[in-house]
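Numbering (the numbering used here), first residue to last: 286 to 438.
This is the structure in structure tokens:
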């Protein structure tokens, strides 16, 4: 017997299967049904965002810079957007980095930058941005994920 949560997820999956975004999200490594459904539900139609910067702003991953005279503070994400999607992207990136089952350009990016990064969180935010860039590109061009294509971009 399925719990109420599992029934809700199954209903969401049956609705999301009709959207092209769902199939595209499933083609990305380490994004399973549950994550894809939640991303489709939180983001809606990704094509409405003309640029990746607008998508980042919607989620709250855009950077703010504080300046006063000659002083420039450290850049931080604004966090003005959708907190649920930020959390979902964060855990998706954590799973991508930790799992070695499928090749992923996000894991490659993380491994390359890890040696020079002084802190882990800004690097994870950069990986979240990279994942959003990939999702935005794939949905707008209606392509499935290809590791070779992602590495060449």
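For each residue, glycine too, the CB sits at the ideal point set by N, CA and C.
Please confirm whether residue 315 and residue 380 have their CB atoms less than 7 Å apart.
-> yes
Inspect the CB distances between the stretch 333-340 and the stretch 414-424 and report whether three or more fall short of 8 Å.
-> Flag = yes, the stretch 333-340 and the stretch 414-424 touch.
Taking all protein chains shown into account, decide if residue 396 is buried (16 or more other Cβ within 10 angstroms of its Cβ) or exposed.
-> exposed
What does residue 348 pair with, by DSSP beta-bridge criteria?
-> 362
Could you tell me if residue 269 is buried or exposed, where buried requires 16 or more neighbouring beta carbons within 10 angstroms of its beta carbon?
-> Any property of residue 269 remains undetermined from this structure, which presents the chain solely from 286 to 438.
What residue from 312, 376, 321 and 326 has the CA that sits closest to residue 387's CA?
-> Checked all of 312, 376, 321 and 326; the closest Cα to residue 387 is 312.
Are the beta-carbon atoms belonging to residue 390 and residue 436 less than 7 Å from one another?
-> yes
Tell me, to the nearest whole angstrom, how far the beta carbon of residue 325 is from that of residue 304; I am working on the premise that it is less than 8 Å.
-> 6 Å
How would you label residue 351, buried or exposed, when you count the other beta carbons within 10 angstroms and need 16 or more for buried?
-> exposed
Provide the residue span of the alpha helix (DSSP H) that contains residue 437, from first to last.
-> 432-437
Do you know how far the Cα of residue 382 is from the Cα of residue 363?
-> Here the alpha carbon of residue 363 sits roughly 24 Å from the alpha carbon of residue 382.
Would you mind stating whether residue 408 and residue 400 have Cβ atoms separated by less than 7 Å?
-> no
Close beta carbons around residue 309, own chain, < 7 Å, minus the five adjacent residues each side | Only 423, 424 and 429 meet the Cβ criterion.
Separation of residue 411 from residue 404, as counted between CA atoms = 12 Å
Simplified DSSP assignment, three categories, for residue 429 = coil
So residue 301 is in the alpha helix (DSSP H); what residue range does that whole segment cover?
-> 289-301
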